[in-house]
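As structure tokens, the structure follows; a few thoughts come after it.
Residue numbers (the working numbering), protein chains in the order written: chain A, 83 to 723; chain B, 347 to 489.
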């Protein structure tokens, strides 16, 4: 009964989504407040029924109701309750139900928290979100129903959740990512609504900016969590693989980052209007393309969901419909948004233009690298199958990011319209200082100087210095917006330092050790003290003890999950501000030896710390007064008369 | 020409040149860093370039996994389950889902002796995974 109720609730969600779309669009087109109000009310209904549907699926997992196919495939009675809950979004169907719920939550937030914006705009925004909801829910109900029954042969036991997913990462990473993805659906809706009303001004940009920032914050955190999870879970210490699925999340992130910057020029100077709109459309289009790539199995990836061609086709249709119709609308309406802005020299407008150009070029190269194998297969075909490896992405992406760092360091001293040359020259002097530090430090620490890493670190230090100085000079007139920008850029610099140092100075050794033997990595002796058998509710394994340094120990494990006959390596990590020690235990080898890999990874944490700092900076900027003042309900614009 | 027209022209020219450079660099990088994928029969028949980074895949031959007496080096055979088999050499910890008789993809170079020096061995998160490149092969072999 519970699964049927859940299915029916999702169906009601589809009905209310249709209502939201119709009342929203026609309310806006006819300028009828009562219709838009109806749309607003229906968003509350939608979030309630989809929330119920989601809760009922959780209940089916907690109940071990294996008569539901999805539960039987992704859960097991031996699973701890919190992994049963996380198992709800452990595979395609349930995770897409979560996706639709997240859409409903964003929609209701826009409906209730954006009442101050003009009626027409509000109606079009809600209508667009309603249409997205309709497509997602139709896809869910007609091809990915998580409530499908497995009768009459109900299994006594479930197939278990994939052991790799039995982790805190699975509990928080997907929801964060989806909140970020669908959040860009909101900015997409604002873009469509701007095209529909034909009006885009500084006020429009101010209304959109908080939504972009929140979406970007969640997407950033989601990607960081994914990277961190892969780092400790997969057992070989990598934190980014340029895997197609990772790229699928990174491309919208790059477009979203470009959007944040373009919006600031649109808000403050009325510049780049067309471009800003195009970015709102592009970002969400990339989200949908990512969903298609990940969920259709067309790409060779370690993360891809189970393959189903029919689902792939429907997702491709949704992607083409959304991308196609929004681009057609753009082509017909964009010229109505006129831009006349003057700027010259090293102005802030120019820097933002450079920022956007570089981010879009980076995005384009990643897109090409990700889709190239697919295009080759479709258009050339034959037996020749190819893939694009990490060297391509690194060769393209790293130089672009260094150029971006250069432009970014000048950002805080730049002015709108025109920046006095004296300020630029002053900033360049600090670059010299930073370069000296970045070259001297590795030389003093005697690890050998690596030119690329030194360049990156020099630019990063320069970014931190120029932003610190700019904040100090403006200390009496600092806005939260400026602080947010500075913190975000410093976060970026911290991440750049982490990436450069970790990539270049990581030291790694493999060995086979007997109990009592030790191995030296990067100046530290690691001794294998003992190995013990371990056992838990749903796995058995071996746990090794390595002693190093001043009476410190690490306990890497190798586990066997018998239900799925699945082995995992549980790496042991000693995290630190300046280095991570990372041990992977490969289990027993011949002659009483044990396989082990030990890595010394300097500045590893800085990557994620920097990214999280940048993410939180979006929150700081969002709290700026000029957004808060506008959030009060403005009845005048809502109900004119 | 009016000043704003000239500005617009210079921006367009700048974008065009920048775009063209990017496209050229990207194509050059792609041409250099693309890894072709080969099946066991192609590796055996000598269709595969020597000492160039490629990917190859098939099934791990049952009973072929031999570890070194010291270190983490390992040798195993990859087969298409029909007639072709080639040897792979790998130093390091094999992925946790690496099993005999399961599909795997190796990344590395084929050396002059016909042995594949793998820098990475790939197996998926999921035990039911067949690498997409092998799909055609599986259909041919197990009708």
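For every residue, glycine included, the Cβ atom is placed at its ideal position computed from N, Cα and C.
Taking 8 Å as the cut-off, the beta carbon of residue 512/A is found closer than this to the beta carbon of residue 547/A. In the three-state reduction of the DSSP assignment, residue 676/A falls in the strand class, which pools E and B. In this structure, the beta-carbon distance from residue 636/A to residue 665/A falls below 8 Å. Comparing alpha-carbon positions, the option among 707/A, 645/A, 525/A and 365/A lying closest to residue 449/A turns out to be 365/A.
Within the region 451 to 474 of chain A, the residues whose Cβ lies closer than 9 Å to some Cβ of chain B are 451, 454, 455, 458, 465, 466, 467, 468, 469, 470, 471, 472, 473 and 474, listed in chain order. Among the residues of chain A, those whose CB is under 7 Å from the CB of residue 375/B are 474, 477 and 478, following chain order.
Straight across, the Cα-Cα distance linking residue 180/A with residue 411/B is about 43 Å. Contact check for residue 617/A and residue 638/A: beta-carbon distance about 17 Å, past the 8 Å limit, so the pair fails to qualify. Remark: three or more beta-carbon pairs, one from each stretch, lie closer than 8 Å, so the region 353 to 368 of chain A and the region 331 to 344 of chain A are flagged as touching. A buried status is given to residue 217/A, since no fewer than 16 other beta-carbon atoms sit within 10 Å of its beta-carbon. Listed in chain order, the non-local C-beta contacts of residue 394/B below 7 Å within the same chain comprise 384, 388, 400 and 456, local neighbours out to five positions each way being set aside. Residue 359/A holds the alpha-carbon nearest to the alpha-carbon of residue 343/A among 508/A, 224/A, 325/A and 359/A. Here the region 125 to 144 of chain A lies against the region 158 to 177 of chain A, with 3 or more beta-carbon pairs under 8 Å apart. Pairing residue 369/A with residue 266/A gives a Cβ-Cβ distance under 8 Å. DSSP places residue 382/B in the strand class (E or B) of the three-state scheme. Contact residues of the region 419 to 442 of chain B toward chain A are 437, 438, 439 and 442 (C-beta to C-beta distance below 7 Å). As the crow flies, the alpha-carbon of residue 361/A is around 24 Å from that of residue 494/A. Per DSSP, reduced to three states, the secondary structure at residue 431/A is helical.
At a cut-off of 8 Å between C-beta atoms, residue 410/B does not count as an interface residue with respect to chain A.
One Cα belongs to residue 93/A, the other to residue 215/A, and the distance between them is close to 12 Å. By the C-beta criterion, the region 678 to 687 of chain A is judged not to be in contact with the region 419 to 427 of chain B, since fewer than 3 inter-stretch pairs fall below 8 Å.
Secondary structure of residue 167/A (DSSP, three-state): helix. Residue 663/A is outside the set of residues whose beta carbon lies under 8 Å from a beta carbon in chain B. If you draw a straight line from the Cα of residue 196/A to the Cα of residue 254/A, it comes to about 28 Å. Beta-carbon to beta-carbon, residue 133/A and residue 87/A are separated by about 13 Å, too far to satisfy the 8 Å threshold. Excluding five sequence positions before and after residue 394/A, the CB atoms of its chain that fall closer than 8 Å to its own CB belong to 374, 377, 378, 379 and 380, given in chain order. Annotation: residue 238/A to residue 161/A spans about 14 Å, alpha carbon to alpha carbon. Counting the other CB atoms within 10 Å of its CB gives residue 401/A a total of 16 or more, which places it among the buried residues. Taking residue 540/A as the centre and dropping the five residues before and after it, the same chain places the C-beta of 516, 517 and 520 closer than 6 Å to its C-beta, in chain order. Per DSSP, residue 615/A is one residue of the beta strand (DSSP E) stretching across 606 to 617. The C-beta distance from residue 699/A to residue 575/A rounds to 12 Å, too long to fall under 8 Å, and the pair is not in contact. Assigned with DSSP and collapsed to three states, residue 652/A falls in strand. The beta carbon of residue 120/A sits closer than 6 Å to those of 105, all from its chain and outside the five residues before and after it, given in chain order. Per DSSP, the unbroken alpha helix (DSSP H) holding residue 695/A starts and ends at 686 to 704.
Between residue 405/B and chain A, the shortest Cβ-Cβ separation is not below 8 Å. Across the structure, residue 532/A and residue 585/A are spaced so that their CA atoms are roughly 11 Å apart.
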